[in-house]
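**Student:** Quick one: structure below, then a few questions.
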Amino acid sequence: MAELSVKHLLGIKYLNEKDIQLIFDTADHFKEVINRSIKKVPSLRDITIANIFFENSTRTKLSFELAEKRLSADVINFSAGQSSVKKGETLIDTVNNILSMKVDMVVMRHPNPGSGIFLAKHVNASIVNAGDGAHEHPTQALLDSYSIREKLGDVAGKKVVIVGDILHSRVALSNIFALKLQGAKVKVCGPKTLLPKYIESLGVEVETDLRKALNWCDVANMLRIQNERLDISYFPTTREYTQQFGVNKTLLNSLDKEIVIMHPGPINRGVEITSDVADSKQSIILNQVENGVAIRMAVIYLLASKIK
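Going by the working numbering, the sequence shown opens with residue 847, and the numbers climb by one from there.
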């Protein structure tokens, strides 16, 4: 059986193209499973997984939990908001206490970049990064690429523009790594204040004119403004941002071609995209949600096979 080249999923930058293809092939199988009348498989009956979230999350947490239960794993959910972390307990102590309950895998979201890498060096369990600060969110990038592959047949050679708050977005960084690895062409578009200075060193082009970017691309991945990470004002008003970088149906219909619209969620309807765009036939946002479960099942299954 083919194996991943890694023991943990800490970021896309640690994967190779074969890893991504293996995850996609495995997700194809699990997508069949979750569309059957009996949606569970007994693959991970003897595996215990702890979901440790030090940051709020609804969709990612639910998606991981559903993926784990579909694989018949035992699941422990840990929310830092109601824990000893508030009393000053360190990250390693928290996780070691959980691991002493004989946990095999930890799915962790943490506000500090690199926290998953730090943890992988100090604890004896497989670590899945469910988002570390503004650094990476590997399973989101995998499900995004998988959704593009499903819609357009392949990722290689496709033109993808990522629009919005690139500076604070772990989704943008992971997507850039994943798309480049698979041979896609990538541009970013947003206010200059929300584009990192190093962005072009990642092999992506910058386009500040949204219409030009949309006419160029096959796929537009619309990111929300990360208000919780904005310590200062990066643009005058939300209304002005929407006028310059928001996509509405009129703009979409006026393009030279039909493009695919994606969004990692949660959507700020009426800011980065209007409801009629989010709910249009060009949008694959709900496909992304469904594919998220299949991709996370694939990642957990493949990593668990290295534990046994």
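Glycine included, every Cβ here is placed at the ideal spot set by N, Cα and C.
Please read all numbers here as calculations on a predicted model, not as lab measurements.
Whose C-beta lies closer than 8 angstroms to the C-beta of glutamine 1134 among residues of the same chain, with five residues either side of it excluded?
**Tutor:** If you number the sequence shown from 1, residue 1134 lands on position 288. Answer for glutamine 1134: Leu989, Asp990, Ser993, Met1108, His1109, Pro1110 and Gly1111, listed in chain order.
**Student:** Thinking C-alpha only, which one of Leu850, Ile880 and Asp871 is nearest asparagine 862?
**Tutor:** Residue 862 sits at position 16 when you count from the first residue of the sequence shown. Considering only alpha carbons, the answer is Leu850.
**Student:** Alpha carbon to alpha carbon, how far is isoleucine 1022 from leucine 1048? Give it in angstroms, no decimals.
**Tutor:** Along the sequence shown, one-based indexing puts residue 1048 at 202. Along the sequence shown, one-based indexing puts residue 1022 at 176. If I take the Cα positions, the gap works out to 8 angstroms.
**Student:** Mind checking which residues open and close the beta strand (DSSP E) that includes histidine 983?
**Tutor:** On the sequence shown, position 137 is the one that residue 983 refers to. Histidine 983 -> no beta strand (DSSP E), and no H or E assigned at all.
**Student:** Give me the residue from Leu1025, Asp1000, Lys1004 and Thr1039 with the minimum Cα distance to leucine 1013.
**Tutor:** Reading the sequence shown from its first residue, position 167 is the one you call residue 1013. Of Leu1025, Asp1000, Lys1004 and Thr1039, the residue nearest in Cα terms is Thr1039.
**Student:** Would you mind sorting asparagine 902 into buried or exposed? The rule is 16 or more other CB atoms within 10 Å of its CB.
**Tutor:** For the purposes of this step, residue 902 is taken as the residue at position 56 of the sequence shown. By the 10 Å Cβ count, asparagine 902 comes out exposed.
**Student:** What are the start and end residues of the beta strand (DSSP E) that includes aspartate 978?
**Tutor:** Within the sequence shown, numbered from 1, the residue matching residue 978 stands at position 132. Start and end: 972–978.
**Student:** Assuming glutamate 914 and isoleucine 898 make a contact with CB atoms under 8 angstroms, what is their CB distance in whole Å?
**Tutor:** As a first step, residue 914 is located in the sequence shown; it is residue number 68 there, counting from the start. As a first step, residue 898 is located in the sequence shown; it is residue number 52 there, counting from the start. The pair is not a contact, with the Cβ atoms about 13 angstroms apart (cut-off 8 angstroms).
**Student:** Which class does phenylalanine 899 belong to by DSSP, given the choice of helix, strand or coil?
**Tutor:** For the purposes of this step, residue 899 is taken as residue 53 along the sequence shown, with counting starting at 1. Phenylalanine 899 falls in the strand class under three-state DSSP.
**Student:** Roughly how many angstroms lie between the CA atoms of glycine 1010 and leucine 1060, to the nearest whole one?
**Tutor:** Translated into positions along the sequence shown, residue 1010 becomes position 164. Translated into positions along the sequence shown, residue 1060 becomes position 214. Approximately 13 angstroms between the Cα atoms of the pair.
**Student:** How about glutamate 1118 and glycine 1092: do their beta carbons lie closer than 8 angstroms?
**Tutor:** Counting from 1 along the sequence shown, the entry for residue 1118 is found at position 272. Counting from 1 along the sequence shown, the entry for residue 1092 is found at position 246. For glutamate 1118 and glycine 1092, yes; Cβs fall inside 8 angstroms.
**Student:** Which one of Gln1028, Val969, Val949 and Phe900 has the shortest CA to CA distance from isoleucine 938?
**Tutor:** Counting from 1 along the sequence shown, the entry for residue 938 is found at position 92. Considering only alpha carbons, the answer is Val969.
**Student:** Count the other CB atoms, across all protein chains shown, that sit within 10 Å of the CB of proline 888; report buried if there are 16 or more and exposed otherwise.
**Tutor:** Sequence index remark: in the sequence shown, residue 888 carries index 42 (1-based). Proline 888 is exposed by the Cβ-count criterion.
**Student:** Would you give the residue range spanned by the beta strand (DSSP E) that asparagine 923 belongs to?
**Tutor:** Residue 923 sits at position 77 when you count from the first residue of the sequence shown. Residues 920–925.
**Student:** Among the residues of its own chain, which have a CB less than 6 angstroms from the CB of leucine 1076, if the five just before and after it don't count?
**Tutor:** By one-based count along the sequence shown, residue 1076 stands at place 230. For leucine 1076, the pLDDT reaches just 47, beneath the cut-off of 50, and the residue's location in the model is therefore unreliable, leaving the point undetermined.
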